[in-house]
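Mapped onto the numbering used here, the consecutive letters of the first sequence carry residue numbers 2 to 575.
Quick reminder that beta carbons are idealized off the backbone N, C-alpha and C, glycines included.
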Amino acid sequence: MKKLEAADSFDQIADLLELKGENPFRIRAYRRAAMNLRNLTEDLESLAAAGSLEKIPGIGKDLSAKIIEIISTGRLSFLERLKKEIPESLTALMAVPGIGPKTAKLVYDRFKVKSIEHLEALVKGGKLQGLPGFKEKKEENILRGIRLLKEGQERMTLGTATALGREILGALKDSPEIRRISVAGSLRRGKETVRDIDLLITSRNPKKVMDRFVQLKIAGQIQAHGETKSSIRTRQGVQVDLRVVEPEAFGAALVYFTGSKAHNIRIRSLANRLGLTVNEYGVFREKSGRRVAGREEEEVYRAIGLPWIAPELREDGGEIEAAQKNRLPRLAEMKDLKGDFHIHSDWSDGQHPIEEVARAVRARGYRYMLLSDHSQSLRIAGGLTEKELLEEMGEVRRLNKRLKPFHILMGAEVDILPDGRMDYPDRLLAKLDLVIAAVHSAFKQPREQMTRRIVKALSNRYVSILAHPTGRLLGEREPYDLDLEEVCRVASRTGTALEINCYTQRLDLNDLQARQAKGLGARLALSTDTHALDQLNDIELGLAMARRAWVTPEDLLNTMGLNELLNWVKRKRG
DNA sequence: GCCGTTTTCGGCCCGACTGTTTTCAGTCG
């Protein structure tokens, strides 16, 4: 992935320039470029070959040349020069929360600190006292930062963050002094992983709210406790930030606190051009200081000439431009979904009988579900033999009579064998309403082989959906090596949908990949891969990915009615 | 280093909290 390589290089340059005390705007330019590269859905090398690198926002003449150098030589001489100039152990210090460029440089210059451990020893030995600005608290701060760094400050999955957010919201909600409360930050934007939980509250009595917040049962440690802003760390080590504002400022604060940072910067600079200034308290006329908006997000956007923008889009990924042209997508919503496509029962490795799951799915207001137990070669997950599959078919037929008008589609999650053949013969697949294909073995195949394998499966006329297309498990397993662009193209050409698997550790495809797939014309299917009933709720996690991918109802299989869906399946079968 | 419905030069988003400081620098988001 050349774009990640380039992004990392630019971030490193930004760190190094920061240590040199360079022009902050130059540093920001490198960071902005790095971020835009990470969010890029197109292939960097193709863009470079076409001479279109400068189309990427934040990439101009200079950075475009640097990207080309990285692509063609695998190196970046400017970065190498900087690295020679600035010792690695100095940059390492900046990884400690609470230590920025100034402190890092100060400490390094004085003691030639070799490592974080060396720094820790110096602090504990009281050696840092006497440096300008160093007293007891500052030392404690650094030690705490080192501890945090060692704990790894991992990001949570969106699923974990959603649950934690709900818990805190629940604990605070009934306080009489709280008027409005909302989650903000990357959790509200629906990012696949979240580092900390941001909450926003309106109250006429902020102090009381703050006192209550830092005394919450889940609070393990108080990081900051101010009038309008406090932070705690839960016992599990998750940082939770709370901001309290006046009701008149709720909308502005929600925009500010939801971010992303890049989006906010665009918003503010747009405002500046209109003679306005935006902060978390509202939109103000620059000259008179008069507030023109602030209570609702809609007002804030309207004041700078834009329609309201959904939080999931706020990444400076083209949403500002789309808003200016009034071309924002009508994003898919829960109410658009008519069914769930990937459900297991206790016939394979699910926990519940078919009828119980079906009733739970129906209770959510869906019109249909696809039953998709595992196929025969996946013995470890109770994969069904041909005979068992036929029996299950009979059971589904019986149940459908009872559950009308709700409908269970008879399907299976059929393994794509290492050579690309399907785990059931075509004559059996033909009997199923809808077939999901999935890779569950030989994950380590080289890129070309894995791509060929999946392309072969997509070319099978009975395969309608490719499940968890990349196979990654957040924090556990890397995606298999795959030419995803090619897979998307073939999916689009053959009329096969790609799954957005909603399981909390999968989110596969993720937001960027789903946006790429949509761009290449592939249809998408949201499915929970439910094995136990509460996993049905994971649909909202996948929906967040879809919305972040600018997915509209038309892009999704789930929005089709039953007949429309069956016709869609038939079209590929020919 | 990027960028342009004021600009090819001169701007570039904005504020809270902490700690150490009598007015502010550093860090963070």
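Exposed or buried, what is residue i when buried is set at 16 or more other beta-carbons lying within 10 Å of its beta-carbon?
i: Arg190; result: buried
i: Thr74; result: exposed
i: Ile223; result: exposed
i: Asp212; result: exposed
i: Met36; result: buried
i: Glu19; result: buried
i: Gly131; result: exposed
i: Ala1; result: The question about residue 1 has no answer, for the chain in this structure spans 2 to 575.
i: Asp63; result: exposed
i: Asp420; result: exposed
i: Phe26; result: exposed
i: Met157; result: buried
i: Met423; result: buried
i: Pro207; result: buried
i: Ile268; result: buried
i: Glu118; result: exposed
i: Asp199; result: buried
i: Lys519; result: buried
i: Val81; result: The question names Val, but residue 81 in the sequence shown is Glu. Classification of Glu81: exposed, given that the 10 Å Cβ count is below 16.
i: Asp630; result: The structure shown does not extend to residue 630, since the chain is modelled only from 2 through 575, so no value can be given for it.
i: Pro102; result: buried
i: Gln216; result: exposed
i: Asp374; result: buried
Quick one: give me the first and last residue of the beta strand (DSSP E) that residue i is part of.
i: Thr235; result: Lys230 to Thr235
i: Gly290; result: Per DSSP, Gly290 belongs to no beta strand (DSSP E) and is neither H nor E.
i: Leu499; result: Ala498 to Asn502
i: His264; result: Note, His264: premise wrong, no beta strand (DSSP E); alpha helix (DSSP H) at Lys262 to Arg274.
i: Leu277; result: Leu277 to Asn280
i: Ser183; result: Arg181 to Ala185
i: Leu435; result: Leu435 to Ala439
i: Asp427; result: Segment Asp427 to Leu430 is the alpha helix (DSSP H) holding Asp427; no beta strand (DSSP E) there.
i: Gly340; result: Gly340 to Ile344
Measure the Cβ-Cβ separation of residue i and residue j and say whether it is below 7 Å.
i: Val210; j: Val184; result: no
i: Leu48; j: Lys4; result: no
i: Met451; j: Leu483; result: yes
i: Arg181; j: Thr163; result: no
i: Asp530; j: His343; result: yes
i: Leu459; j: Thr495; result: yes
i: Glu313; j: Arg549; result: yes
i: Gly295; j: Glu249; result: yes
i: Ala333; j: Ile310; result: no
i: Gly383; j: Ser346; result: no
i: Tyr257; j: Glu281; result: yes
i: Val124; j: Glu140; result: yes
i: Ile72; j: Glu46; result: yes
i: Leu410; j: Tyr369; result: yes
i: Ile466; j: Ala498; result: yes
i: Ser261; j: Glu320; result: no
i: Ile87; j: Glu121; result: no
i: Arg473; j: Pro480; result: yes
Just curious, the alpha helix (DSSP H) that residue i is in, first and last residue?
i: Asp9; result: Lys3 to Leu20
i: Ser65; result: Lys62 to Thr74
i: Ala172; result: Leu159 to Lys174
i: Lys85; result: Ser78 to Glu86
i: Gln325; result: Glu320 to Gln325
i: Ile28; result: Pro25 to Arg39
i: Glu89; result: Glu89 to Leu94
i: Ser47; result: Leu45 to Ala50
i: Ala254; result: Phe251 to Thr259
Look up residue i in the DSSP assignment and give the residues it is bridged to.
i: Leu566; result: Answer is none; Leu566 lacks a bridge partner.
i: Ile198; result: Val241
i: Gln222; result: Arg234
i: Thr203; result: Arg181 and Val246
i: Ala294; result: Val284
i: Ile417; result: Met423
i: Leu557; result: Leu525
Runs of alpha helix (DSSP H) wholly within the region 104 to 144 (minimum 4 residues, chain order):
117 to 125
Only counting runs of 4 or more residues, tell me where the alpha helix (DSSP H) segments fall wholly within the region 455 to 543, in order along the chain.
If we require 4 residues or more, the alpha helix (DSSP H) runs fully inside the region 455 to 543 come out as 485 to 495 and 512 to 520.
Could you pull out every unbroken alpha helix (DSSP H) segment of at least 4 residues lying fully inside the region 364 to 414, listed in chain order?
387 to 404
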